[in-house]
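Residues -26 to -1, 1 to 418 (mature numbering (1 follows the signal peptide of the UniProt record, and there is no 0)) are what the sequence shown spells out, left to right. Ideal placement from N, C-alpha and C gives every residue a C-beta, glycine not left out. Given the structure is predicted, the values throughout are model-derived calculations rather than measurements. Working notes, structure below.
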Amino acid sequence: MKHRGRHRRRRRGAALRAVLAGTALALTATATLISVSQADVTDSPGALKPLSSPADTGRLRLQEQLFPTSTLNRLSAAMGGTVGVDDVLASADRTMHEGDDCSSADHTSLPVAPAATRAYCWDPADTATTTWRPASVTGSGDADDDGTWGTHRVLLAGWTHSTTAGRTAERGLARVAFVNADDPARLAYRWVLLVVPTDGGRDYRGLVSGVSGMAWYQDKLLVTTRAGSADALYVYDLHRIQRTTVSGPAIGRVSGGWSADGYQYVMPAVGSYRFTGGRCASSGPPCPGALALDRSSVPDSLAAAEWTAPGGDRTARLWRYAFSTAPGRGGLLATDAAGRASAVEEYRTRATGIRGVLSYQEAGADHPSWYVGHLPGSQDGHGGLWRQDGTGAKAARCGSDASHRCWAESAGSLSYWRQTGEVWSLSDRMLFALPLAELDHALD
């Protein structure tokens, strides 16, 4: 069996593709697709503008800060050791339902064009209120280029708790659904709470983060932090999941053991990245929003998009960092001798309200295409998905008014799995997938 976390190339067979194709769902009404360009739509984000001046690129530089191994080991030992992804999946206590078993409101949240070919709604226990909302997705298709983690196909979906509603102790917390996707007809998941070690590993606190972006690469999970945080990204190690011993509302060490607001599993951060220029601001470093892994680049890279208000005057930046190829640094960004990670590609886009980003370069192409999903200016209803490069932007149109608001409602991040050719994303109510080829066809 393949060792978990090993970065190794292996092709998935035709049998898997046949299984996935056989589960395709006709989830939305037929839409008229019309290719549009910058000249056709007045609010097109237009062509990407490269950024090259030191003043621009310097704002994207990160400083790596890793927790000492002694801190991580102290916490692990105090909690009785670590558990694996397999243990979390084996204890899945939530079931996802396929499209036909989901409500009309669930279906309404899906993309109009191009239509999703697979879609799943969450367990009703997790969607009864809107205090927790899904925002990001990644999975074993990102983690290892054979598409599996050990023997499992796994999806990770990041959810964030509201900062203004619900129990005070929960506000702003971040949790991840570990979804067993071995059988496309029977998805099940278990929650893991994201935490941060404190007091040298003698305790931990909940991560207060928007997790609007998330990318799983090798054995590391990188997540964005809430706008205004001193840290831009937090780093987690999939080999360092730990089990709690007390089921209560507290988070951290308690009388009798360890608690995590009722969650059975926690994953402590192993490090973070901060912008060297300080906290994100309109005239300084960007507030990171969406993240995505790009395996079409050399070396593999982390694509990122800046969060700006939908429909506002402040445009966004798109950029990427290379992953390290140094021994012992699997899943971490490439850094210099001082631990600083610099962007290797930077652009300005006129898009605002970006919730999803994806970068992919076709074989033989000179440059990658950037797919940008964004919220509408009114922040309600369906958003748009544009494909941008240095020459312009394209989007699908749908409906009788040929609107380009064809993407999902409150859509989150994007994750491309080369093994199956699928793009995974999520609306505010459903987890869904569609072939990248269908997406490109709609845009072409």
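Residue closest to residue i, alpha-carbon to alpha-carbon, out of the options
{"i": "Pro399", "options": "Ser26, Ser110, Ala51, Ala87", "result": "Here residue 399 turns out to be Ser, not Pro, going by the sequence shown. Of the candidates Ser26, Ser110, Ala51, Ala87, the one whose C-alpha sits nearest the C-alpha of Ser399 is Ser110."}
{"i": "Gly302", "options": "Gln192, Thr250, Arg217", "result": "Gln192"}
{"i": "Asp177", "options": "Thr218, Thr199, Gly285", "result": "Thr218"}
{"i": "Ser246", "options": "Gly285, Glu72, Gly313", "result": "Gly313"}
{"i": "Glu412", "options": "Val86, Glu72, Asp74", "result": "Val86"}
{"i": "Ile225", "options": "Ile328, Asp235, Asp363", "result": "Asp235"}
{"i": "Ser389", "options": "Gly187, Ala79, Glu72", "result": "Gly187"}
{"i": "Ala52", "options": "Val150, Pro171, His378", "result": "Pro171"}
{"i": "Val166", "options": "Leu417, Arg269, Val240", "result": "Val240"}
{"i": "Ala264", "options": "Leu207, Gln238, Asp100, Ala21", "result": "Leu207"}
{"i": "Val220", "options": "Gln238, Arg214, Tyr334", "result": "Gln238"}
{"i": "Ser384", "options": "Met70, Ala64, Gly327, Gln362", "result": "Gly327"}
{"i": "Phe152", "options": "His378, Gly305, Lys194, Ala131", "result": "Ala131"}
Straight-line Cα distance separating residue j from residue i
{"i": "Gly358", "j": "Asp340", "result": "26 Å"}
{"i": "Ala90", "j": "Trp391", "result": "15 Å"}
{"i": "Gly146", "j": "Trp106", "result": "9 Å"}
{"i": "Trp96", "j": "Met404", "result": "7 Å"}
{"i": "Gly180", "j": "Thr365", "result": "44 Å"}
{"i": "Phe406", "j": "Pro242", "result": "28 Å"}
{"i": "Ala162", "j": "Ser275", "result": "30 Å"}
{"i": "Thr43", "j": "Leu307", "result": "18 Å"}
{"i": "Ala369", "j": "Gly338", "result": "23 Å"}
{"i": "Leu49", "j": "Phe41", "result": "12 Å"}
{"i": "Ser26", "j": "Ser257", "result": "16 Å"}
{"i": "Val185", "j": "Arg253", "result": "17 Å"}
{"i": "Ser114", "j": "Arg322", "result": "30 Å"}
{"i": "Gly230", "j": "Lys23", "result": "57 Å"}
{"i": "Cys350", "j": "Leu46", "result": "The amino acid occupying residue 350 in the given sequence is Pro; Cys does not appear at that position. The straight-line gap from Cα to Cα measures roughly 42 Å."}
{"i": "Cys372", "j": "Thr250", "result": "43 Å"}
{"i": "Leu417", "j": "Gly55", "result": "49 Å"}
{"i": "Trp232", "j": "Ala117", "result": "29 Å"}
DSSP beta-bridge partners of residue i
{"i": "His348", "result": "Ile328, Gly358"}
{"i": "Glu280", "result": "Pro262"}
{"i": "Asn154", "result": "Val128, Ala162"}
{"i": "Gln192", "result": "Its beta-bridge partners do not exist; DSSP assigns none."}
{"i": "Ser77", "result": "The partner list for Ser77 (beta bridge, DSSP) is empty, contrary to what the question assumes."}
{"i": "Trp398", "result": "Ser389, Ala407"}
{"i": "Gly180", "result": "Val169"}
{"i": "Leu267", "result": "Leu276"}
Local conformation of residue i per DSSP, three classes
{"i": "Asp235", "result": "coil"}
{"i": "Asp205", "result": "strand"}
{"i": "His126", "result": "strand"}
{"i": "Glu336", "result": "coil"}
{"i": "Pro342", "result": "coil"}
{"i": "His378", "result": "coil"}
{"i": "Gly58", "result": "coil"}
{"i": "Ser110", "result": "strand"}
{"i": "Leu25", "result": "coil"}
{"i": "Ala416", "result": "helix"}
{"i": "Thr134", "result": "strand"}
{"i": "Asp211", "result": "strand"}
{"i": "Leu306", "result": "coil"}
Cβ distance (whole Å) where residue i is taken to contact residue j below 8 Å
{"i": "Ser316", "j": "Arg35", "result": "5 Å"}
{"i": "Gly347", "j": "Trp381", "result": "5 Å"}
{"i": "Val209", "j": "Leu196", "result": "6 Å"}
{"i": "Pro273", "j": "Ala296", "result": "5 Å"}
{"i": "Ser333", "j": "Trp344", "result": "5 Å"}
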